[in-house]
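Colleague: In my numbering, the protein residues as written are 507 to 883. Ideal Cβ positions, reconstructed from N, Cα and C, are used throughout, including at glycine.
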Amino acid sequence: MKRILLSLQLLWLCGCGAAGGVDVIVTNPSSYARTLESVEIEWAKLDERGITADKVIVEDEQRNQIPSQVIFDKNGVAQRLLFQASVGASAKSRYKIKEGIADNYEPKVYGRYVPERLDDYAWENNLTAYRIYGPRLSDPKTQGVDVWVKNTEKLIINEWFARNDYHHNYGEGMDCYKVGNTLGGGALAIVQDSQLLLSGNYLQQECVANGPLRTEAEFIYAPVAVDGCDVVIKRRIWLDANSRFSFQEYELTGFEGEIEVAAGVVMHDVKDITQQGNWLALTEPASDSSDAERDGDILLGVILQGAEKQSRFQTPTSPNQQVQHALLLRKAKAGEKILMLNGSAWSHAGVAGGAEWAEQVKQAADRLNNPLLIKIK
Numbered sequence: 507m508k509r510i511l512l513s514l515q516l517l518w519l520c521g522c523g524a525a526g527g528v529d530v531i532v533t534n535p536s537s538y539a540r541t542l543e544s545v546e547i548e549w550a551k552l553d554e555r556g557i558t559a560d561k562v563i564v565e566d567e568q569r570n571q572i573p574s575q576v577i578f579d580k581n582g583v584a585q586r587l588l589f590q591a592s593v594g595a596s597a598k599s600r601y602k603i604k605e606g607i608a609d610n611y612e613p614k615v616y617g618r619y620v621p622e623r624l625d626d627y628a629w630e631n632n633l634t635a636y637r638i639y640g641p642r643l644s645d646p647k648t649q650g651v652d653v654w655v656k657n658t659e660k661l662i663i664n665e666w667f668a669r670n671d672y673h674h675n676y677g678e679g680m681d682c683y684k685v686g687n688t689l690g691g692g693a694l695a696i697v698q699d700s701q702l703l704l705s706g707n708y709l710q711q712e713c714v715a716n717g718p719l720r721t722e723a724e725f726i727y728a729p730v731a732v733d734g735c736d737v738v739i740k741r742r743i744w745l746d747a748n749s750r751f752s753f754q755e756y757e758l759t760g761f762e763g764e765i766e767v768a769a770g771v772v773m774h775d776v777k778d779i780t781q782q783g784n785w786l787a788l789t790e791p792a793s794d795s796s797d798a799e800r801d802g803d804i805l806l807g808v809i810l811q812g813a814e815k816q817s818r819f820q821t822p823t824s825p826n827q828q829v830q831h832a833l834l835l836r837k838a839k840a841g842e843k844i845l846m847l848n849g850s851a852w853s854h855a856g857v858a859g860g861a862e863w864a865e866q867v868k869q870a871a872d873r874l875n876n877p878l879l880i881k882i883k
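1. Report yes if the C-beta distance between I809 and L847 is below 7 Å; otherwise report no.
2. What residues match up with D803 in a beta bridge as DSSP calls it?
3. Classify N664 as buried or exposed, calling it buried when 16 or more other Cβ atoms lie within 10 Å of its own Cβ.
4. Spatial neighbours of K815 within its chain, please: CB distance less than 7 Å, with the 5 preceding and 5 following residues excluded, ordered by chain position.
5. Please name the residue, chosen from E842, I726, A747 and D746, that lies closest to E766 on a Cα-to-Cα basis.
6. Who are S924's beta bridge partners in DSSP?
7. Ignore the nearest five residues each way along the sequence and tell me which others in R818's own chain have a CB closer than 6 Å to its CB.
8. To the nearest angstrom, how far is it from the Cα of G606 to the Cα of K614?
9. When DSSP labels each residue in this structure, what does P729 get in the three-state scheme?
10. Comparing C-alpha positions only, which one of V732, I739 and G527 sits nearest to A693?
11. Please list the terminal residues of the continuous beta strand (DSSP E) segment that includes I765.
12. Helix or strand or just coil, what does DSSP make of V867?
13. Decide if V867 is buried, meaning its Cβ has at least 16 other Cβ atoms within 10 Å, or exposed.
14. Name the DSSP bridge partner or partners of P822?
15. Given a cut-off of 7 Å, decide if G690 and V651 are closer than it, judged by their beta-carbon atoms.
16. Where does R509 fall in DSSP's three states?
17. Starting from E665, trace the alpha helix (DSSP H) in both directions and tell me its first and last residue.
18. Around the C-beta of G526, are 16 or more other C-beta atoms found within 10 angstroms, so that it is buried, or is it exposed?
19. State the Cα-Cα distance for the pair K656 and E678, rounded to the nearest angstrom.
20. Rounded to whole angstroms, what's the CA-CA distance from R873 to A628? Just pull it up for me.
21. If you count every other CB in all the chains shown that lies within 10 Å of the CB of Q711, and 16 or more means buried, which is it?
22. Report the CB separation of G760 from V737 in whole angstroms; it is logged as a contact under 8 Å.
23. Suppose you measure from the CA of K660 to the CA of W666; what does that come to, to the nearest Å?
24. Compute the Euclidean distance between the alpha carbons of F751 and A731, then round it to the nearest angstrom.
25. Going along the chain, which residues of its own chain have a beta-carbon closer than 6 Å to the beta-carbon of S795, five neighbours each way excluded?
26. Considering only their Cβ atoms, is the gap separating S850 from K684 smaller than 7 Å?
27. Based on the DSSP output, what are the partners of S817 in its beta bridges?
28. Considering Cα atoms alone, identify which of N716, D803, D626 and V545 is closest to L878.
29. Using the C-alpha atoms, what's the distance from L588 back to Q820?
30. Taking the straight line between their C-alpha atoms, what separation do you get for P718 and Q827?
31. What does Y636 pair with, by DSSP beta-bridge criteria?
32. Helix, strand or coil for I712, going by three-state DSSP, please let me know.
33. Here's the rule I'm using: 16 or more other beta-carbon atoms within 10 Å means buried, otherwise exposed. How should Q701 be labelled?
34. Suppose contacts are defined by Cβ-Cβ distances below 7 Å. Is I531 in contact with R600 by that definition?
35. Suppose you measure from the CA of D733 to the CA of S644; what does that come to, to the nearest Å?
36. Is the stretch 615 to 635 close to the stretch 742 to 749, with three or more CB pairs under 8 Å?
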């Protein structure tokens, strides 16, 4: 699968890999440092140089082993090698891929199906956590993302579900975000006549990768009726360690020509919002809280690759209620991969809202538009 987000530009030099491994040079085209950013190498390029998936490690310039992860397909065949690079502004860093025994890397990501909570699917990393809803939940019915805020780097999904009281802050964070029948903290929907067509909760789920650096899952939704067509929606979500932004890739089929889609977030009592180009950022108080001042502000961001315009829609969530969404819109063809990012942060975890958060979302959009340059020799 061609990933638009992570299609890092691979410039393969002539010659075969030496017995000492494969050298990788990562160049940062940006005027700011890129820290712990994921790099993916197609496995075929490593396989042809004699690297095997069960004995592969990555070393930095000081020859210290750094965490890595082999991404496999559903048949257990290696597809890509993932590691994280740190590169100064307009600078280069060097890494070596070689045979070796991998250290016992501490997982910084996790995701799973949660049958004990009405088929939720939850995923997290060391900075943030999310969930979406499954077929056994009667309300809400939406593909919208629920945001869990936390001020700890430990993985908390299992502990919070086991406690069954995650709407209360025991010192590490909580679920104080209200989704309802909306896009919640960042999702994509079909647009028809300036209305969002929500696709409901997922029907099928499958976890395809789970750490230490990436958790990834696939979802299938019920068809959505659009102009006499039943549009089928497939969704792939992945989240890497050390990033506040979860990636979502959608594929829509079952129609001719183009349809309009929108990626965005629901607006509660918004304190600050910025919409520019292919990204938006907003700050709002905790929306599912008995004491919003106590529970702090939730910061949300959305990036839509190929966004053509920004807008805001009033969307009915019940017969007597409407809510507003902040949106990024574009056209899509059947079978086209549509990529968006949703990000979040919490004021009680040391992240300020307003202009500071908007700058973080802007840089994430810039990283999407200007990937790290990868050279292998």
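Modeller: This is what the structure holds:
1. In this structure, I809 places its C-beta atom within 7 Å of the C-beta atom of L847.
2. P791, per the DSSP bridge assignment.
3. That one is exposed.
4. Excluding residues within five positions, the ones whose Cβ falls inside 7 Å are L835.
5. Cα-wise, what sits closest to E766 is E842.
6. Within the shown structure, residues of the chain are numbered from 507 to 883, placing residue 924 beyond reach of any answer.
7. If you ignore the 5 residues before and after R818, its C-beta comes within less than 6 Å of the C-beta of Q830 and A832, all in its own chain and listed in chain order.
8. Rounded to whole angstroms, G606 to K614 spans 22 Å at the Cα level.
9. Three-state result, P729: coil.
10. That would be I739, whose Cα lies nearest to the Cα of A693.
11. Element bounds for I765: E764 to M773.
12. Correct three-state label for V867: helix.
13. Classification for V867: buried.
14. DSSP lists Q828 as partners of P822.
15. Their beta carbons are under 7 Å apart, which means V651 touches G690 by this criterion.
16. A caution first: R509 carries a pLDDT of 48, below 50, which makes its placement in the model unreliable, though a value can still be read off. DSSP places R509 in coil when its eight states are reduced to three.
17. Bounds of the alpha helix (DSSP H) holding E665 are I663 to R669.
18. Per the 10 Å Cβ criterion, exposed.
19. C-alpha separation (whole angstroms): 5 Å.
20. R873 and A628 have their C-alpha atoms roughly 26 Å apart.
21. Sixteen is the threshold: when 16 or more other Cβ atoms of the shown chains lie within 10 Å of the Cβ of Q711, as they do, the residue is buried.
22. With 8 Å as the limit, G760 and V737 qualify as a contact, their Cβ atoms being about 5 Å apart.
23. The alpha-carbon atoms of K660 and W666 are separated by roughly 12 Å.
24. Answer to the nearest angstrom: the Cα atoms are 30 Å apart.
25. The answer, listed in chain order, is C682 and D801.
26. Not a contact, by the Cβ cut-off of 7 Å.
27. S817 is bridged to L833.
28. With distances taken between Cα atoms, L878 lies closest to V545.
29. If you draw a straight line from the Cα of Q820 to the Cα of L588, it comes to about 41 Å.
30. About 43 Å.
31. According to DSSP, Y636 bridges with W629 and V653.
32. The sequence given here has Glu at residue 712, not Ile. Looking at E712 - three-state DSSP - the assignment turns out to be strand.
33. Result: exposed.
34. Taking 7 Å as the Cβ cut-off, I531 and R600 qualify as a contacting pair.
35. When only Cα atoms are considered, D733 and S644 end up about 27 Å apart.
36. Touching, per the Cβ criterion.
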